[in-house]
Amino acid sequence: AQSVTQLGSHVSVSEGALVLLRCNYSSSVPPYLFWYVQYPNQGLQLLLKYTSAATLVKGINGFEAEFKKSETSFHLTKPSAHMSDAAEYFCAVSAKAAGNKLTFGGGTRVLVKP
Amino acid sequence: DTAVSQTPKYLVTQMGNDKSIKCEQNLGHDTMYWYKQDSKKFLKIMFSYNNKELIINETVPNRFSPKSPDKAHLNLHINSLELGDSAVYFCASSRYGGETQYFGPGTRLLVL
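These protein sequence lines are chains A and B, in that order. Note that the working numbering has the first sequence beginning at 1, numbered continuously upward. Note that the working numbering has the second sequence beginning at 1, numbered continuously upward.
See the structure below:
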């Protein structure tokens, strides 16, 4: 079984400030981990993924995430928020043993203040 | 060229009706999925097909029936629509055994 918990359903940051979105996962087998972003009334866009290579993963739009097995975490960060980062962010886990189905966290809405 | 496309984008219908949502991918992928996003933005998988064969069937009412005429298409037919079926339905695709799924723009279904 696999599950994902995202801490904080809403995060508010000032433009230029650090963005930190928290994600903890549970998986009985080695996981693949993902961050997706959803802009209003749009589909899901892949930001980055971890698939057992480097534990620090760089994605698009300046985002990165670090896989920490001991903490079962995959937190997403961006050093400097931009107004265009306002969106809903989803952490997800999958595993080959589970047919690669994605199990999503509840999402975190990011609001960027000017 | 849109990689994963869905039609229609919006669907408003009455309770009890039957409706279909179509999904097509031009990525050459073998595996396709349907996900449901509810009003609280929670996303959950419904079905997965690999090369026209059903491989994941989550706990979904049997009013929902996926159909895959070929590996580039995965349609979702819903019978006897209920108010609780109102949601956004996303189609996705991946290579067989591949971990990355690519999502369509979603179909917003509203049942009145």
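Glycine included, C-beta positions come from ideal geometry on N, C-alpha and C.
Next on the checklist: Could you give the first and the last residue of the continuous beta strand (DSSP E) run that contains B/V60?
Outcome noted: Taking the first residue of the second sequence as position 1, residue 60 of chain B is located at position 60. Segment: none, B/V60 is in no beta strand (DSSP E) and carries neither H nor E.
Checklist entry - Taking the alpha-carbon positions, what's the A/I60 to B/I21 distance? => result Taking the first residue of the first sequence as 1, we reach residue 60 of chain A at position 60. Taking the first residue of the second sequence as 1, we reach residue 21 of chain B at position 21. Straight-line Cα distance between these residues: approximately 31 Å.
Checklist entry - Cβ of B/S65 within 7 Å of Cβ of B/I55? => result As a working note, residue 65 of chain B is residue 65 in the second sequence. As a working note, residue 55 of chain B is residue 55 in the second sequence. Against a cut-off of 7 Å, the Cβ pair of B/I55 and B/S65 comes out as no contact.
Item to check | B/P105 to B/V12 span [Cα, whole Å] | outcome: Here the question's residue 105 of chain B lines up with position 105 in the second sequence. Here the question's residue 12 of chain B lines up with position 12 in the second sequence. Taking the straight line joining both Cα atoms gives about 17 Å.
Next on the checklist: Please report whether the beta-carbon of A/L33 lies at a distance below 7 Å from any beta-carbon of chain B.
Outcome noted: Within the first sequence, residue 33 of chain A is the residue found at index 33, counting from 1. Not one chain B Cβ lies under 7 Å of A/L33.
Checklist entry - Can you list the residues of chain A that B/P105 reaches, using a CB-CB cut of under 9 Å? => result Stepping through the second sequence from its first residue, residue 105 of chain B is reached at position 105. Per Cβ cutoff of 9 Å: N41, Q42, G43.
Checklist entry - What first and last residue would you give for the beta strand (DSSP E) that runs through B/L11? => result Your numbering for residue 11 of chain B matches position 11 in the second sequence. Residues 10-13.
Item to check | N- and C-terminal bounds of the beta strand (DSSP E) containing A/Y89 | outcome: Here residue 89 of chain A refers to the residue found at position 89 of the first sequence. Unbroken beta strand (DSSP E) run through A/Y89: 87-94.
Next on the checklist: Given this structure, state the Cα-to-Cα distance separating A/P79 from B/N26, to the nearest angstrom.
Outcome noted: Here residue 79 of chain A corresponds to residue number 79 of the first sequence, with the count starting at 1. Here residue 26 of chain B corresponds to residue number 26 of the second sequence, with the count starting at 1. C-alpha separation (whole angstroms): 35 Å.
Checklist entry - Taking C-alpha atoms, which residue in A/L76, A/G16, A/E64, A/F34 lies nearest to A/N100? => result As a position in the first sequence, residue 100 of chain A is number 100, starting the count at 1. If we check each option's Cα against that of A/N100, A/F34 comes out closest.
Item to check | Any C-beta of chain B under 7 Å from that of A/K69 | outcome: Here residue 69 of chain A refers to the residue found at position 69 when the first sequence is read from its first residue. It does not; no Cβ of chain B falls within 7 Å.
Checklist entry - Can you round the beta-carbon distance between B/K19 and B/L110 to whole angstroms, since I take them to be within the 8 Å contact cut? => result Here residue 19 of chain B refers to the residue found at position 19 when the second sequence is read from its first residue. Here residue 110 of chain B refers to the residue found at position 110 when the second sequence is read from its first residue. With 8 Å as the limit, B/K19 and B/L110 do not qualify as a contact, their Cβ atoms being about 11 Å apart.
Checklist entry - A/V51 CB to nearest chain B CB: under 7 Å? => result Locating residue 51 of chain A in the first sequence gives position 51, counting from the first residue. It should be pointed out that residue 51 of chain A corresponds to Thr in this sequence rather than to Val. Yes, because at least one Cβ of chain B sits closer than 7 Å to the Cβ of A/T51.
Item to check | Below-7 Å beta-carbon distance, B/E53 vs any chain A residue | outcome: Translated into positions along the second sequence, residue 53 of chain B becomes position 53. False, the Cβ-Cβ gap to chain A never drops below 7 Å.
Checklist entry - In or out: B/S93 buried (at least 16 other Cβ within 10 Å) or exposed? => result For the purposes of this step, residue 93 of chain B is taken as residue 93 along the second sequence, with counting starting at 1. Buried is the call here.
Next on the checklist: Can you list, in chain order, the residues of its chain with a C-beta nearer than 7 Å to that of A/Q38? Leave out the 5 residues immediately preceding and following it.
Outcome noted: Counting from 1 along the first sequence, the entry for residue 38 of chain A is found at position 38. Same-chain partners within the cutoff: L44, A87, E88, F90.
Checklist entry - Closest to B/E58 by CA distance: which of B/H29, B/L43, B/K52 is it? => result The count along the second sequence starts at 1 and reaches residue 58 of chain B at position 58. The option with the nearest alpha carbon to B/E58 is B/L43.
Item to check | Test item: CB-CB of A/T77 and A/Y25 under 7 Å | outcome: Residue mapping note: residue 77 of chain A aligns to position 77 of the first sequence, counting from 1. Residue mapping note: residue 25 of chain A aligns to position 25 of the first sequence, counting from 1. In this structure, A/Y25 does not lie closer than 7 Å to A/T77 by Cβ.
Next on the checklist: For chain A, check one thing: does any of its Cβ atoms lie closer than 7 Å to the Cβ of B/K41?
Outcome noted: Position 41 of the second sequence, counting from 1, holds the residue named residue 41 of chain B. So yes, B/K41 belongs to the interface.
Item to check | Coil, strand or helix - A/S84 by DSSP | outcome: If you number the first sequence from 1, residue 84 of chain A lands on position 84. Helix.
Checklist entry - Apart from the five residues on each side of it in sequence, which residues of its chain come closer than 6 Å, Cβ to Cβ, to A/V93? => result Working through the first sequence from its first residue, we reach residue 93 of chain A at position 93. Around A/V93: Q2, V4, Y25, S27, P31, L33, T103.
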